[in-house]
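Peer 1:
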Amino acid sequence: MYAIIEVGAKQYRVKQGDVIEVEKLSPESDGDITFDKVLLVAKDEQIEVGRPYLKDAKVTAEVIGQFKAKKVVSFKYRRRKSSHWKKGHRQQLTRLKIKGIEI
């Protein structure tokens, strides 16, 4: 059994026991979180698709921790102009463990 959920502006395919990394959730979200924006649930051969979301479908997850991703470096260079820029960015992420899917 798996589900496709929407967290922020991204969609994730999850099943029970999965560990996923999503963009940082609010700091007061410690413990368990319930996602009600479920787009699809598949169980064996039966698939339920929402328009856009399924009513009464929920995915519960446990917050494992918050951390920063690997640094991404952006470098822009203009030849013969003595001009260059270097910028770095580390995205803040939240690690979740999926506890269950309810229909």
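Under numbering that gives the first Met the number 0, the residues of the sequence shown are numbered 0 to 102, in order. A virtual CB, placed ideally from N, CA and C, is assigned to each residue, including glycine.
Apart from the five residues on each side of it in sequence, which residues of its chain come closer than 7 Å, Cβ to Cβ, to K96?
Peer 2: Here residue 96 is taken as the residue at index 97 of the sequence shown, counted from 1. Cβ neighbours of K96 beyond the five flanking positions: V18, A60, E61 and I63.
Peer 1: Excluding the 5 residues flanking Q91 on each side, which residues of the same chain have their C-beta closer than 6 Å to its C-beta?
Peer 2: By one-based count along the sequence shown, residue 91 stands at place 92. K23 and K67, listed in sequence order.
Peer 1: Just to confirm, are K36 and I4 a CB contact at a threshold of 8 Å?
Peer 2: In the sequence shown, counting from the first residue as 1, residue 36 sits at position 37. In the sequence shown, counting from the first residue as 1, residue 4 sits at position 5. Cβ atoms of K36 and I4: closer than 8 Å.
Peer 1: Name the residue from V21, Y76 and I100 whose alpha carbon lies nearest to the alpha carbon of K86.
Peer 2: Here residue 86 corresponds to residue number 87 of the sequence shown, with the count starting at 1. Of the listed residues, the one whose Cα sits closest to K86 is Y76.
Peer 1: Starting from the Cα of G30, find the closest Cα among A2, Y52, Q65 and V72 and give me that residue.
Peer 2: Against the sequence shown, residue 30 aligns to sequence position 31. Residue Q65 is the option with its Cα nearest to G30.
Peer 1: DSSP on G64, reduced to helix/strand/coil?
Peer 2: Against the sequence shown, residue 64 aligns to sequence position 65. Here G64 sits in strand by DSSP.
Peer 1: Using a Cβ-Cβ cutoff of less than 6 Å, which residues in the same chain neighbour Y11 once the five nearest sequence positions on both sides are dropped?
Peer 2: On the sequence shown, residue 11 is found 12 positions in, with the first residue counted as 1. Closer than 6 Å at the Cβ level, and outside the excluded window around Y11, lie I4 and I19.
Peer 1: Are the Cβ atoms of V48 and A2 separated by less than 8 Å?
Peer 2: Counting from one through the sequence shown, the residue named residue 48 turns up at place 49. Counting from one through the sequence shown, the residue named residue 2 turns up at place 3. Contact: no.
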